[in-house]
Structure formats: structure tokens, C-alpha cells
Amino acid sequence: DSGVTQTPKHLITATGQRVTLRCSPRSGDLSVYWYQQSLDQGLQFLIQYYNGEERAKGNILERFSAQQFPDLHSELNLSSLELGDSALYFCASGLLGQGVSPLHFGNGTRLTVT
Amino acid sequence: GDSVTQMEGPVTLSEEAFLTINCTYTATGYPSLFWYVQYPGEGLQLLLKATKADDKGSNKGFEATYRKETTSFHLEKGSVQVSDSAVYFCALSAPVIQGAQKLVFGQGTRLTINP
């Protein structure tokens, strides 16, 4: 058990809809990362938050947004969903001290857009 | 930008065989290197890491050595077990600057071990 909790595990929705994915980081970790895993694109980094502030941005679409709350949990919002957004979305957390820290991943939310 | 290239899978071996999964990287500066493993239905788990040249990471019988001259971080295990069947990801992270850390992953290599 990594200590990172993601909800829901599965989500099925229609094109054009909006969904919210939730992540609770491992106890003590201040940094949260979001990744998208699809068959054709592999694991793509979306965005990183550290103690409530955005710190790094990857290939995140404008239709997607995220935030980290004062209790350090994070939400990833996906809107105007398209079929191509179907993927496994992972949250990870890390300590981010003086140097690079390994990331601890949740079990993911599987999003299916129909 | 930074990138990681892994040997394409799938890889199928018999139990007790020797395993090598190749990984090379492109990065500016001196990244940290990682191997993660993903078992079916689960998230990625850190398998091992190396933070500077010539470091050897090891865990559960797996090893990888950070080779700066060949920009490689190949994963090896002397005798694989059926329970090692999973997808393996090589990854790199550039040094943290102003709290920004981005872990870049290879495409993953699916490993199947037959009894």
C-alpha cells in the first residue's frame, strides 16, 4: 500500500461532460503529481503541486485543471470530455526535500468516455 | 527536452532465466534515474533508484547501474520468477529547481515469466 488514495476507481461518462478526480497524498508528503496513462501515449506528466501551489506543468490540456487544497488533497477536473480522454489517471505524491524524491503512486482512476 | 527510451516489449522468459531490460536517456545536466514496476490493476511502485553516475540501485534481486558515458540505466536480474511478471518503467528526474520536479517515463516494457 503506497498510502496514496484515489477516488473513484472507475468512472464512466459521456462526451461533453465534466468529471472530478480526487487524490489524498501519503501522510507527510507535500507534493502531488497527476499523470495520464493511455495505451498509445504511455505515461504523460500533467501537473505538479507543492503545498498548494502549482510548480510544474506538463502536457495538460486547457480543458483540464487541477488544484491542491490546504489539507493537501488534490482534485483534477476534466471538462468537455472527448473519447480520447479515456485513460487511467494516476496521482502520485512525494516529499520533495532538498533533492529529487521518489514518487508514490495511487492505484489510479480509470476514466471511460462513451 | 528530457526523454527516456526503453527496449520494446513484450518480453517473455522462462523462470530462472537472466533478465535485461535496456533503458537509455537524454537529459541536460545530471538527472536521477529510477525503475518503477506496475503489477496488474495497481499503480506504479518504486523498484530502485540511482542519483549519480556509477551508482548502483538494487532491490528484490534487481539491479541497475547509472552509466553516464553511455547514458544508460539497464535493469538486470539474475534469475526471474513468475511473480516478476509486470510492466517495468524506466524514468528520470532532472534536479529540483524551485520545487518543480517532473518525472519523465519511458514507454514501459511488459515482462511475462512462464513457469
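Protein sequence lines, in the order shown, are assigned to chains A and B.
Position one of the first sequence corresponds to residue 1 (our numbering), numbered consecutively onward.
Position one of the second sequence corresponds to residue 1001 (our numbering), numbered consecutively onward.
Each residue gets a CB set at the ideal place from its N, CA and C atoms; glycine is no exception.
Report yes if the C-beta distance between residue i and residue j is below 9 Å; otherwise report no.
i, j, result
"residue 1017(B)", "residue 1097(B)", "no"
"residue 93(A)", "residue 103(A)", "yes"
"residue 1043(B)", "residue 90(A)", "yes"
"residue 1004(B)", "residue 1091(B)", "yes"
"residue 81(A)", "residue 7(A)", "no"
"residue 24(A)", "residue 73(A)", "yes"
"residue 1038(B)", "residue 1106(B)", "no"
If you draw a straight line from the C-alpha of residue i to the C-alpha of residue j, how long is it?
i, j, result
"residue 35(A)", "residue 1022(B)", "23 Å"
"residue 1065(B)", "residue 18(A)", "44 Å"
"residue 3(A)", "residue 75(A)", "17 Å"
"residue 85(A)", "residue 39(A)", "12 Å"
"residue 1046(B)", "residue 13(A)", "32 Å"
"residue 1041(B)", "residue 21(A)", "18 Å"
"residue 1116(B)", "residue 1101(B)", "This structure does not reach residue 1116(B), given that chain B is present from 1001 up to 1115, and the question cannot be answered."
"residue 100(A)", "residue 1009(B)", "29 Å"
"residue 1058(B)", "residue 44(A)", "26 Å"
"residue 107(A)", "residue 1070(B)", "34 Å"
"residue 1067(B)", "residue 1054(B)", "6 Å"
"residue 1081(B)", "residue 1099(B)", "39 Å"
Chain A partners of residue i, CB-CB under 8 Å?
i, result
"residue 1104(B)", "45"
"residue 1089(B)", "43"
Using a cut-off of 8 Å between C-beta atoms, extract the partners of residue i located in chain B.
i, result
"residue 55(A)", "1098, 1099, 1100 and 1101"
"residue 90(A)", "1043 and 1044"
Output, in chain order, the set of chain A residues within a Cβ distance shorter than 9 Å of residue i.
i, result
"residue 1008(B)", "Under the 9 Å cutoff, chain A gives no residues; its nearest Cβ is about 12 Å from residue 1008(B)."
When the cut-off is 9 Å and only beta carbons count, does residue i lie next to chain E?
i, result
"residue 1025(B)", "Absent from the structure: chain E. Protein chains present are A and B."
Show which residues of chain A have a CB atom less than 7 Å away from the CB atom of residue i.
i, result
"residue 1107(B)", "42"
Can you name the residues of chain B whose CB is closer than 7 Å to the CB of residue i?
i, result
"residue 103(A)", "1103"
Quick one: complete beta strand (DSSP E) runs, 3+ long, within the segment 1074 to 1106 of chain B? 1075 to 1077, 1086 to 1093 and 1103 to 1105
Let me know the alpha helix (DSSP H) ranges lying completely inside the segment 64 to 101 of chain A, each 4 residues or longer, listed in chain order. none
Of all the beta strand (DSSP E) runs that stay within the bounds of the segment 6 to 33 of chain A, which reach a length of 3 or more residues? 10 to 13 and 19 to 24
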